[in-house]
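One structure below.
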Amino acid sequence: MRERSPIIVAIDTTDLAEVDSLIEATRNSVSVYKFGLEFYLKFGLETLQSLIRRFDIELFLDLKLHDIPNTVAGASRSIASLKPLFLTVHATGGTKMIRAAADALPGTKIAAVTILTSLDDEEMKRIGFTGSLSKQVLALTELALDSGAKAVVSSAREVSEIKRRFPSAITITPGIRPMGSSQDDQARTMTPQEAIVAGSDYLVIGRPISASSNPGVAAAEILASIYQ
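Position one of the sequence shown corresponds to residue 2 (my numbering), numbered consecutively onward.
Here it is as structure tokens:
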């Protein structure tokens, strides 16, 4: 299999023709594609299996599971046939829940979502978290890794400290915007090159690629910019 690209393209549409076109256009620069809850609930296992088989892609299944351990274990087993590279769970679900997901899918890397990149310090205070956002991210990272997660999803603003304290953690960074792009609904962003330098292993990129007039060129240019 070809070397895995650090770019993960976020599939933010449920139009299957658009999905096919986007994957076909970007697959020379991208290995892993992120499918979220909306797509999964609409199309289920069979459509994802077909995409994986037809395009020879790897799956980042971004379901952000957050429930009692038994329910999360059952949900994880239900998608075992997809053999996802990553499956997301919320780190705030706690040790038992994360462990349940990891035990249910031993061949998949459980990726713990620490703090959503749409949240800033003010919003965190309103929710009830005390202390800095960075402190919360590090605490949740430690809990997740101790509980069987292999990867952590966090803003690039926290990734350098995560890598310093937990060097074996796989770091997945959303909120990536090439220079000049809109931040959209992401409160904490970085450019692709900045994120890789900070320690990100994978970059989740959506609209800067999918909304481009030429997604294939956009993906190739972003990949090239990482290594400049």
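We put the CB at the ideal spot given by N, CA and C, even for glycine.
query                                                                                                                             : result
Residues near Val73 in its chain [Cβ-Cβ closer than 6 angstroms; skip 5 each side]                                                : Leu66, Met98, Ala101, Ala102
Per-residue DSSP class, three states only, for Phe40                                                                              : helix
C-alpha gap between Thr109 and Lys126, whole angstroms                                                                            : 34 angstroms
Exposure label - Leu158; buried when at least 16 CB within 10 Å                                                                   : The question names Leu, but residue 158 in the sequence shown is Arg. Buried, since its Cβ has 16 or more Cβ neighbours within 10 Å.
Among Thr48, Gly37, Ala220, the one whose alpha carbon lies nearest that of Glu25                                                 : Ala220
Coarse secondary structure for Gln187, derived from DSSP in three states                                                          : In this predicted model, Gln187 has a pLDDT of only 46, less than 50, meaning its place in the structure is not dependable; the value taken from the coordinates is given anyway. Coil.
When Glu19, Glu4, Arg5 are compared against Ser1, the one with the closest alpha-carbon                                           : Any property of residue 1 remains undetermined from this structure, which presents the chain solely from 2 to 229.
8 angstroms CB neighbourhood of Val160 in its chain, flanking five on each side removed                                           : Thr172, Thr174, Ala196, Ala199, Gly200, Ser201
Collapsed DSSP secondary structure at Val31 in the structure displayed                                                            : coil
For Phe61: DSSP bridge partner residues                                                                                           : Lys35, Phe87
Cut-off 8 angstroms between Cβ atoms - residues of its own chain near Glu39, not counting five sequence neighbours on either side : Thr15
Cβ neighbours of Ala150 in the same chain (closer than 6 angstroms, five flanking residues each side left out)                    : Ile99, Ile111, Ala113
Coil, strand or helix - Ala112 by DSSP                                                                                            : strand
Minimum length 3: unbroken beta strand (DSSP E) runs contained in the region 124 to 187                                           : 152 to 154, 171 to 174
Ser30 to Glu59 span [Cα, whole Å]                                                                                                 : 13 angstroms
C-beta atoms of Ile8 and Ser32 nearer than 9 angstroms                                                                            : yes
Nonlocal neighbours in the same chain, by C-beta distance under 8 angstroms from Leu86, ignoring five residues either side        : Val33, Glu59, Leu60, Phe61, Thr109, Lys110
Three-state secondary structure assigned by DSSP to Ala212                                                                        : coil
Test item: CB-CB of Ile53 and Leu64 under 9 angstroms                                                                             : no
N- and C-terminal bounds of the beta strand (DSSP E) containing Ile206                                                            : 203 to 206
Enclosing beta strand (DSSP E) for Pro12 [first to last residue]                                                                  : This sequence places Ile at residue 12; Pro is not what is there. Note, Ile12: beta strand (DSSP E), 8 to 12.
Close-in-space but distant-in-sequence residues of the same chain around Asn215 (CB under 6 angstroms, 5 per side omitted)        : none
Alpha-carbon to alpha-carbon, Thr118 and Asn71                                                                                    : 28 angstroms
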